[in-house]
Amino acid sequence: MKRQKLTIVGAGSTYTLGMMNSLIAEKENFPLSEIVFYDIDEQRQALNAKATEVLLREKYPEVTKFTYTTDKKVAFENADFFFIQIRTGGLVAREKDEQIPLKHGCVGQETCGPGGMAYGLRSIGDMITLVNEIRSYTKDAWILNYTNPAAIVAEALNREFPNDKRILNICDMPAAIMVSYAKILGCEIWDLVPEYFGLNHYGWFTAIKNKQGEDLTAQLKATILGEGIKAVDNEIANDPSWQATFDNMRTMLADNPEFLPNTYLQYYLYPEKMVSKEDINNTRARQVINGREKRVFDLANRIIASGTTANENLHADIHGRYMIRVAASLAYNKKDIYLVIVPNNGIISNLQADAMVEVPCAITNDGPKAFAVGTIPTFQKAMIESQLGYEKLVVDAWFEGSRQKLVNALTLNRTVIDVPKAKAIVEDLLIENQRYLPQFK
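For the sequence shown, numbering that gives the first Met the number 0 assigns the number 0 to the initial residue and increments by one for each residue that follows.
What follows is the structure, encoded as structure tokens:
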């Protein structure tokens with residue numbers, strides 16, 4: 000097995016140490032010779048990097064070279080894989096994304112509704128720039144993108160780079176749900192084969208089977224309806240907000256028992272309930288700043304100070320392991336099946352061809368090969384088409400600098416719908432984000 004050179008872009012992220020633990024857990028599946036960290040925030044990156052030096056020395060000595068840099072040439076030359084996890088504007092911008100819609104009585108969430116629109120508008124420009132910069136150094140490396148909101152980013156990248164078949168947009172939320180399914184079924188996530196369709200953060204599991212072909216869907220539904228379902232992945236298991244989200248899966252399934260829902264559908268199916276539970280002065284962004292961010296950077300500081308990981312309870316999480324398993328299947332032509340985002344092109348036969356859909360694909364060294372979904376029911380099709388219209392209008396608006404298309408987008412989005420609210424939210428979000436979005440001046 001060839002050992003790979005991996006560059007992590009956005010290495011100042013609070014998910015980076017978790018990714019390192021996942022790379023260690025998966026080193027037999029995806030062996031590395033070199034890791035490079037790249038970020039424009041030198042201070043945040045250095046904290047993660049210095050802790051990673053200890054981690055690699057103790058747990059992954061097979062990595063013979065580790066570098067952290069703000070120099071694109073150093074970071075991008077000769078890499079085999081790029082994992083991208085940037086957040087333009089940081090958590091400070093995320094907090095505003097969540098607060099502004101709440102001020103207008105609408106869902107304030109990171110990737111859904113108006114907050115997701117603002118985050119997406121900020122992400123598009125940086126992602127296009129990054130891909131162009133990476134391609135100026137390497138034409139053949141795989142670019143695996145975790146940057147949110149993945150649906151909007153995938154739509155923009157597909158327009159800007161229609162012929163680049165080595166860009167793959169991925170989301171770990173279906174995998175985090177499947178970890179909980181596996182717990183219920185008494186198996187590992189990797190033993191399960193999902194049947195799924197939708198857009199990113201906007202889809203449904205139609206079936207869950209094991210690798211022997213046994214359909215476990217009815218058993219799962221019965222357990223969720225009778226006992227509920229809990230978040231069990233290490234990164235979210237102790238988070239009250241995530242546990243409340245998983246509790247809502249029971250409600251969603253009871254209200255529409257045809258398919259197993261993605262957790263994010265709660266924001267579109269119960270927007271008033273989602274607004275009522277939020278505190279504008281303690282949104283999810285503030286909880287992350289005071290919670291995960293503090294916890295991760297405290298961990299990094301302890302590792303650096305002690306020079307060892309021996310006293311720490313380190314664990315891999317699905318966020319990292321899922322990305323790595325996809326990368327391994329690409330690198331070594333394993334043809335494993337994962338949910339990734341690809342152009343529709345007839346996969347969902349009654350949905351337009353240029354939709355970026357999230358569906359099961361066999362991951363080969365020639366890229367993802369999607370399995371046909373066929374026609375989908377009227378209810379889900381109508382919901383998807385409305386959300387798809389929103390996503391496409393947001394990307395149109397970014398390229399054209401059109402405020403009207405942003406208003407139209409939010410009018411289609413089930414978390415807003417109301418035109419006066421859409422206009423007011425667009426105005427507030429553009430004022431807040433004017434440094435990132437000069438085309439709307």
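Glycine residues also receive a C-beta, built at the ideal position from the N, C-alpha and C atoms.
Looking at the DSSP output, Leu143 bridges to Phe82 and Leu167. Burial check for His318: the Cβ neighbour count within 10 Å reaches 16 or more, so the residue is buried. Taking C-beta separations shorter than 6 Å and ignoring five residues to either side along the sequence, the partners of Arg413 in its chain run Tyr267, following chain order.
Under the Cβ criterion (8 Å, minimum of three pairs), the region 393-411 does not count as touching the region 65-77. Apart from sequence neighbours up to five positions away, the residues of its chain that approach Lys380 with a beta-carbon distance below 7 Å are Asn349 and Leu350, ordered along the chain.
DSSP lists Ala206 as the beta-bridge partner residues of Glu194. According to DSSP, Gly366 shares a beta bridge with Thr363. Within the region 305-346, the complete alpha helix (DSSP H) segments of 4 residues or longer fall at 317-331, listed in chain order.
Inside the region 243-287, DSSP marks whole alpha helix (DSSP H) runs of 4 or more residues at positions 265-268, 270-275 and 283-287, from first to last along the chain. By the Cβ-count criterion, Trp203 is buried, with 16 or more other Cβ atoms from all chains shown falling within 10 Å of its own Cβ.
Here Thr146 is buried. Its C-beta has 16 or more other C-beta atoms within 10 Å. Closest option to Ala74, judged by alpha-carbon separation, among Thr6, Ile336 and Met18: Thr6. With respect to the 8 Å criterion, Asn199 and Ala153 are classified as neighbours on the basis of their beta carbons. Take Gln108, set aside five residues on each side of it, and the residues of its chain with a beta-carbon closer than 6 Å to its own are Gly114 and Tyr266, in chain order. Comparing alpha carbon positions, the residue from Val35, Pro100 and Leu54 closest to Ala309 is Leu54.
For Phe439, the secondary structure class from DSSP, reduced to helix, strand or coil, is helix. Under DSSP, Val418 shares a beta bridge with no residue. Judged by DSSP secondary structure, Thr377 falls within the alpha helix (DSSP H) whose first and last residues are Thr377 to Glu399. For Lys71, the uninterrupted alpha helix (DSSP H) run begins and ends at Lys71 to Phe75, by DSSP.
Within the same chain, and ignoring the five residues on either side of Leu405 in sequence, the residues whose Cβ sits closer than 6 Å to its Cβ are Ala396 and Val425. Around the beta-carbon of Lys391, 16 or more other beta-carbon atoms lie within 10 Å, marking it buried. Nearest Cα to Leu264 within the set Glu57, Tyr435 and Gly112: Gly112. Three or more Cβ pairs closer than 8 Å define a contact, and the region 286-299 falls short of that threshold against the region 217-224.
In this structure, the beta-carbon distance from Leu16 to Ala299 falls below 8 Å. Distance from the Cα of Val8 is smallest, within the candidate group Ala50, Lys26 and Asp70, for Asp70. Here the alpha carbon of Pro270 sits roughly 26 Å from the alpha carbon of Ala206. Excluding its 5 nearest sequence neighbours in each direction, Cys360 has C-beta neighbours in its own chain below 8 Å: Ile336, Tyr337, Leu338, Val339, Val341, Pro367, Lys368, Ala369 and Phe370, listed in chain order. Per DSSP, reduced to three states, the secondary structure at Met355 is strand.
In this structure, the CA atom of Arg2 is about 16 Å from the CA atom of Phe82.
If you draw a straight line from the Cα of Val325 to the Cα of Pro419, it is about 43 Å long. For the pair Gly119 and Met126, the Cα-to-Cα distance works out to about 10 Å.
Secondary structure at Gly373: strand, using DSSP grouped into helix, strand and coil. Burial is judged here by how many other beta carbons sit within 10 angstroms of a residue's own beta carbon; Asp365 has fewer than 16 and is exposed. With three or more CB-CB distances shorter than 8 Å, the region 125-140 counts as touching the region 156-175.
Per DSSP, the beta bridge partners of Tyr201 are Leu198.
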